[in-house]
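Shown next as structure tokens:
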């Protein structure tokens, strides 16, 4: 019975987050957080190492008790969904534990050769850490990489040539004050190649002071303590803006007339003015574990500003005692609470998405049925075309995946050991033998079909029956056609699972070229998809409930959905694909209970949203009939 419950919970997480490995990430992260917790030395002369260990394990034990009780009270699915949101992440660049100046990367870096592609989206130097967000992708000439078995840490060098070794993925020690240049060395990349290469010289990083990250007007002006007898307060010292995210650096301080020791004794909670709980990240930093009179604590939060209703409320449980704390439960408990509102921060431009958590509260969008042609997969395994008047035509039976051509005249169906193309006008059929993944793409003119079989991308001409094939690496996945049908695009996973790079094969000469990194792309992204007009690519974001579109012509990235801030029964993006006219996306939203919330048709140009009514069958294709 326990195994059944565990598997059920794993399955719920998979459906909610489209990330089956997320629970393993949580287990490893929680274990590492407990075993590798570093307490700052000398925070109390009378506080022994034994007491620090007791405090550490006391907090871990209390967390375990909270988890167990929560599972019993509200069920494992909701608890695990929330736990993964708190713990299943890596430290992000741009966060710091204490206020100070921030040095940022002047511009993103993308360097490559035939063996590797390295992308550095951002890098930040602060008073307590150096964060380098580097991503490594295998090149098409690297048949077998030794990098996965390499244990040599990356390191930075500055003018003094001292090596600053990586302490955690992307985290390095503090560099000398005033550093404007540093070199990043990746021994695991360089040593995996037989000969000397460009990677032996390191990657040069240029930094500049980024004042725009710090909103000076926020200092000591935005937090309002709430309640009585708090004996202390929470103040927002600095505010950072990172895309759609806000980073708050807070300070917990005793009132001047109080003489106590204090520590955080529970999980901080953030809620907005509608009482909706806000999910946040708070990576480890050089933080003190206990404060006292004249010695405040710093705590920082990172959360999405999309859909938030200000002011937000920050509540942090603390315990006060007259002596240094021996365990988590020592002293009298208080909850310090403050309200915070952005001061002179314009979040509207950054926070605009077509669908956010506020809109999903009602999901009240006008329905559209006219001029729609839907491709449905019925419960009996048949494929059906339905129009706006609910006239239905059965096309075929069997198969696991189907795609409708842009002209609406052909359909490609993937079976277990072959692919079938059906002309809907004369019912002619073409059979292509092979074990194909459940995914295929028509070119803009509906003449060629691209499909993938293991590590081979296959192109098939419907008119001439000509067939071409191109080899890709393990884990790389077909994404669609390039401009004018002159290339094929596919997604390349980062070697540690941190998103995807878009790469192309030029059909004329068979050469491979990087296009760009898919910003904030998810670890598991099985449905990276190029629109039929070859102008945009759509993909899942790295946070649950987020969807992005990136323009292939100018590289501009637009966030289409952000519904990640729903806490109980989290909303998930169950499926998404392009409608035939390439300007609209079909998105199906569900909850972890498998309840369908809505089937939406989103115009990526103006964010016009319509719902689609469908009482039977799974929608796998949408075609807009001409007016």
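Residue numbers (our numbering): 9 to 635.
Using N, Cα and C, we set each Cβ at its ideal position, and we do this for glycine too.
Just so it is clear, the structure is predicted and the values come from calculations on it, not from any experiment.
Boundaries of the alpha helix (DSSP H) harbouring residue 197: 195-198, taken from the DSSP string.
Linking residue 131 to residue 512 through their CA atoms gives a straight-line distance of about 27 angstroms.
The stretch 515-527 and the stretch 418-438 do not touch, with fewer than three beta-carbon pairs separated by less than 8 angstroms. According to the DSSP assignment, residue 420 belongs to the beta strand (DSSP E) that extends over 418-422. Between residue 533 and residue 548, the beta carbon gap of about 5 angstroms places them in contact (Cβ cut-off 8 angstroms). Of the other Cβ atoms in all chains shown, 16 or more fall within 10 Å of the Cβ of residue 178; this residue is therefore buried. Relative to residue 161, the option among 246, 207, 176 whose CA is nearest is 176.
Taken atom to atom, the span from the alpha-carbon of residue 120 to that of residue 588 is near 35 angstroms. Non-local C-beta neighbours of residue 316 in its own chain, meaning closer than 6 angstroms and more than five positions away in sequence, comprise 280, ordered along the chain. Within the same chain, Cβ atoms closer than 8 angstroms to the Cβ of residue 494 are found at 514, 515, 516, the five residues on either side in sequence being excluded. The beta carbon of residue 192 is closer than 7 angstroms to those of 140, 142, 162, 164, 210, 211, 213 in its chain, skipping five residues each way along the sequence. DSSP, reduced to helix, strand and coil, places residue 488 within a strand of the structure shown.
Across the set 216, 417, 298, 391, the C-alpha of 391 shows the shortest separation from the C-alpha of residue 405. DSSP places residue 209 within a helical segment (H, G or I) once states are collapsed to three. Between the stretch 381-391 and the stretch 334-346, the count of Cβ pairs shorter than 8 angstroms is below three; the stretches do not touch. In terms of Cα proximity to residue 260, the closest of 282, 306, 401 is 306. Cβ-Cβ distances below 6 angstroms link residue 539 to 586, 590 in the same chain, with the five nearest sequence neighbours on each side left out; the list follows chain order. Distances from the CA of residue 584 to each of 606, 565, 564 were compared; the closest alpha carbon is that of 606. Between the C-alpha atoms of residue 250 and residue 115 there is a straight-line separation of about 15 angstroms. A buried status is given to residue 313, since no fewer than 16 other beta-carbon atoms sit within 10 Å of its beta-carbon. About 4 angstroms separates the beta carbon of residue 346 from that of residue 242, a gap short enough to meet the 8 angstroms contact definition. With fewer than 16 other Cβ atoms inside 10 Å of its own Cβ, residue 379 counts as exposed. Beta-bridge annotation (DSSP): residue 607 is paired with 596. It is roughly 40 angstroms from the alpha-carbon of residue 308 to the alpha-carbon of residue 486. Burial state of residue 594 is buried, judged by a 10 Å Cβ sphere holding 16 or more other Cβ atoms. 285 is the residue among 285, 134, 560 whose C-alpha sits nearest the C-alpha of residue 276.
Taking each of 311, 381, 109 in turn and checking the Cα distance to residue 216, the smallest one comes out for 109.
Bounds of the beta strand (DSSP E) holding residue 629 are 626-632. Under the three-state reduction of DSSP, residue 499 is assigned to strand. Collapsing the DSSP output to three states places residue 505 in coil.
Fully enclosed beta strand (DSSP E) runs of no fewer than 3 residues occupy 437-441, 448-450, 456-461, 464-469, 475-479 of the stretch 435-484, in order along the chain. When 568, 567, 565, 531 are compared, the shortest CA-CA separation from residue 550 is found for 531.
Bounds of the beta strand (DSSP E) holding residue 522 are 520-525.
For the set 630, 188, 174, 118, the Cα lying nearest the Cα of residue 416 is the one of 630. Rounded to whole angstroms, the Cβ separation of residue 166 and residue 183 is 6 angstroms, and the two are in contact under 8 angstroms. In the DSSP assignment, residue 140 falls within the unbroken beta strand (DSSP E) covering 138-146.
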